[in-house]
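> Everything in the sequence shown is counted per our numbering, starting at 67 for the first residue and increasing by one. Glycine residues also receive a C-beta, built at the ideal position from the N, C-alpha and C atoms. All figures in this text were calculated on a predicted structure; none of them were measured in a lab.
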Amino acid sequence: MTSEVPSLPKFSELNLIEPLLKGLDEVGYETPSPIQALTIPLVLDGRDVLGQAQTGTGKTAAFALPLLSKLDLQQKDPQVLVLAPTRELAIQVAEAFQKYAKYLKGFHVAPIYGGQDYSGQLRMLRRGAHVVVGTPGRVMDHMRKGTLKLGNLKCLVLDEADEMLRMGFIDDVEWVLDQLPEQRQIALFSATMPTAIRRIANNYLREPEHVTIKVKTTTAETIRQRYWTVSGMHKLDALPRIL
Ligand code: AMP
67 MTSEVPSLPK FSELNLIEPL LKGLDEVGYE TPSPIQALTI PLVLDGRDVL
117 GQAQTGTGKT AAFALPLLSK LDLQQKDPQV LVLAPTRELA IQVAEAFQKY
167 AKYLKGFHVA PIYGGQDYSG QLRMLRRGAH VVVGTPGRVM DHMRKGTLKL
217 GNLKCLVLDE ADEMLRMGFI DDVEWVLDQL PEQRQIALFS ATMPTAIRRI
267 ANNYLREPEH VTIKVKTTTA ETIRQRYWTV SGMHKLDALP RIL
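1. Drop a sphere of 10 angstroms on the beta-carbon of residue 220, count the other beta-carbons inside from all chains shown, and report buried for 16 or more, exposed for fewer.
2. Strictly by DSSP, which residues pair up with residue 255?
3. Return the CA-CA distance between residue 207 and residue 236, expressed in angstroms with no decimal places.
4. Note down, in chain order, each residue of its chain lying with its Cβ closer than 6 Å to the Cβ of residue 132, except the 5 sequence neighbours on either side.
5. First and last residue of the beta strand (DSSP E) that includes residue 147?
6. Our contact map puts residue 218 next to residue 145 with C-beta atoms below 8 Å; I'd like the distance itself, whole angstroms only.
7. What's the call for residue 293, buried or exposed, on a 16-neighbour Cβ count within 10 Å?
8. Contact between the segment 246–255 and the segment 166–184 is defined here as three or more beta-carbon pairs at a separation below 8 Å; is this criterion met?
9. In this structure, how does DSSP classify residue 83 when only helix, strand and coil are distinguished?
10. Can you pull the DSSP bridge partners for residue 278?
11. Please check the pair residue 258 and residue 228, which I expect to be a contact at CB under 8 Å, by giving their CB distance rounded to whole angstroms.
12. Would you give the residue range spanned by the alpha helix (DSSP H) that residue 176 belongs to?
13. Hey, which unbroken runs of the alpha helix (DSSP H) at 4 residues or more fall wholly within the segment 138–225?
14. Note down, in chain order, each residue of its chain lying with its Cβ closer than 8 Å to the Cβ of residue 181, except the 5 sequence neighbours on either side.
15. When we look at the beta-carbon of residue 125 and count the other beta-carbons within 10 Å, is it buried (16 or more) or exposed?
16. Do residue 262 and residue 201 come within 8 Å of each other at the CB atom, strictly closer than that value?
17. Suppose you measure from the CA of residue 223 to the CA of residue 186; what does that come to, to the nearest Å?
18. Mind checking residue 193: buried by the 16 CB within 10 Å criterion, or exposed?
19. Given that a residue counts as buried once 16 or more other Cβ atoms are within 10 Å of its Cβ, and exposed if not, what is residue 266?
20. Give the single residue among 78, 147 and 116 whose Cα lies nearest to the Cα of residue 242.
21. What number of angstroms, rounded off, separates the C-alpha of residue 159 from the C-alpha of residue 271?
22. Can you tell me whether residue 99 sits near the ligand AMP, meaning its C-beta is under 7 Å from at least one heavy atom of the ligand?
23. Given the structure, does residue 161 come close to the ligand AMP, in the sense that its CB is under 7 Å from one of the ligand's heavy atoms?
24. Rounded C-beta distance between residue 256 and residue 118? I'm assuming under 8 Å.
Structure below.
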């Protein structure tokens with residue numbers, strides 16, 4: 067599958083549940099982005115997805131919307147786990163889920179990351195979270211302690227997988243992958259596809275659909291770019307002279 071989306075559908079044509087459409091209306095999204103138009107039907111259909119896309123393409127909503135649409139809100143054990151490379155991204159993704167789910171009554175998302183004490187996270191997990199978004203090390207800690215149980219997990223999302231590799235988390239990611247229930251869906255998103263990420267995709271994803279979104283250059287062609295190398299100290303002196 068490629069990035070060509072002949073004409074973008076409307077959100078209302080993508081089989082998302084009504085409370086989410088209401089939430090999207092409020093957030094102000096009018097049309098799905100290409101990665102959303104391609105990915106939402108696949109995730110709704112239960113397919114594994116290998117998505118090559120950068121931040122800014124709308125990839126968060128591309129996985130969050132269909133996964134929210136499929137949640138069983140009566141079941142309090144985590145149904146979706148998202149692994150992200152940094153606490154900032156984990157928080158951002160958890161906030162996105164919360165925002166889209168504004169009209170899903172009783173929905174809970176728990177952000178779980180290192181550098182924060184365990185007590186608040188334990189409280190959230192005990193109360194019940196339909197979606198957990200976390201950094202690999204802390205997620206692994208909770209799983210080892212038995213405070214995060216993935217027996218009822220339906221879907222794992224690896225967000226910015228190449229960043230998790232670059233930051234040295236890939237062994238933790240594989241450990242988590244090895245603990246998943248046999249019946250599960252995986253969506254892996256990465257801006258680049260280095261060998262280690264391809265290997266993970268080959269080993270853990272089942273007949274994945276490939277979605278590639280090419281980002282066009284953001285600089286207008288009429289803009290000419292030049293640079294002048296100066297040492298840090300002299301930047302402020304140099305800039306007015308160039309201008
Ligand atoms: P992401 O690539 O998921 O980090 O999203 C980049 C930005 O695009 C975020 O600020 C989103 O809120 C916004 N966004 C995502 N999908 C849409 C959409 N369909 N319409 C308008 N904005 C969107």
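Quick look at the numbers:
1. On the sequence shown, position 154 is the one that residue 220 refers to. Label assigned to residue 220: buried.
2. Position 189 of the sequence shown holds residue 255. Note: residue 255 sits in a beta bridge opposite 117.
3. Within the sequence shown, numbered from 1, the residue matching residue 207 stands at position 141. Within the sequence shown, numbered from 1, the residue matching residue 236 stands at position 170. So the two alpha carbons sit approximately 15 Å from each other.
4. Position 66 of the sequence shown, counting from 1, holds the residue named residue 132. Non-local C-beta neighbours of residue 132 in its own chain, meaning closer than 6 Å and more than five positions away in sequence, comprise 106, 109 and 110, ordered along the chain.
5. What you label residue 147 is simply residue 81 of the sequence shown in a count that begins at 1. Start and end: 146–149.
6. Within the sequence shown, the letter at position 152 stands for residue 218. Within the sequence shown, the letter at position 79 stands for residue 145. Here residue 218 really is in contact with residue 145; their C-beta atoms are around 6 Å apart, less than 8 Å.
7. Within the sequence shown, residue 293 is the residue found at index 227, counting from 1. Answer is exposed; the Cβ neighbour count stays below 16.
8. Contact between the segment 246–255 and the segment 166–184 is not established, with fewer than three Cβ pairs separated by less than 8 Å.
9. Residue numbering aside, residue 83 sits at position 17 when the sequence shown is read from its first letter. Three-state DSSP puts residue 83 in coil, outside helix and strand.
10. Here the question's residue 278 lines up with position 212 in the sequence shown. Partner(s): 118.
11. On the sequence shown, residue 258 is found 192 positions in, with the first residue counted as 1. On the sequence shown, residue 228 is found 162 positions in, with the first residue counted as 1. Under the criterion of beta carbons closer than 8 Å, residue 258 and residue 228 qualify as touching, at roughly 5 Å.
12. Here the question's residue 176 lines up with position 110 in the sequence shown. Premise fails: residue 176 lies in the beta strand (DSSP E), 175–178, not in any alpha helix (DSSP H).
13. Counting whole runs of 4 or more residues, the segment 138–225 contains the alpha helix (DSSP H) stretches 153–166, 184–193 and 202–211.
14. Indexing the sequence shown from 1 puts residue 181 at position 115. Annotation for residue 181: 153 place their beta carbon closer than 8 Å to its own, counting only its chain and skipping 5 residues before and after.
15. Position 59 of the sequence shown, counted from the start, is the residue given in the question as residue 125. Counting Cβ neighbours within 10 Å, residue 125 comes out buried, since at least 16 surround it.
16. Taking the first residue of the sequence shown as position 1, residue 201 is located at position 135. Taking the first residue of the sequence shown as position 1, residue 262 is located at position 196. 8 Å or more divides the Cβ of residue 201 from the Cβ of residue 262.
17. What you label residue 223 is simply residue 157 of the sequence shown in a count that begins at 1. What you label residue 186 is simply residue 120 of the sequence shown in a count that begins at 1. Rounded to whole angstroms, residue 223 to residue 186 spans 23 Å at the Cα level.
18. Residue mapping note: residue 193 aligns to position 127 of the sequence shown, counting from 1. With fewer than 16 other Cβ atoms within 10 Å, it is exposed.
19. Here residue 266 refers to the residue found at position 200 of the sequence shown. Taking every protein chain shown into account, the CB of residue 266 has 16 or more other CB atoms within 10 angstroms, so this residue is buried.
20. If you number the sequence shown from 1, residue 242 lands on position 176. If you compare the alpha carbons of 78, 147 and 116 with that of residue 242, the shortest gap goes to 147.
21. Your numbering for residue 159 matches position 93 in the sequence shown. Your numbering for residue 271 matches position 205 in the sequence shown. Cα-Cα distance, rounded: 22 Å.
22. Here residue 99 is taken as the residue at index 33 of the sequence shown, counted from 1. Yes, the ligand AMP has a heavy atom inside 7 Å of this Cβ.
23. As a position in the sequence shown, residue 161 is number 95, starting the count at 1. No, the Cβ of residue 161 stays beyond 7 Å of every heavy atom of the ligand AMP.
24. As a working mapping, residue 256 is identified with position 190 in the sequence shown. As a working mapping, residue 118 is identified with position 52 in the sequence shown. Indeed they touch by this definition, with Cβ atoms about 6 Å apart.
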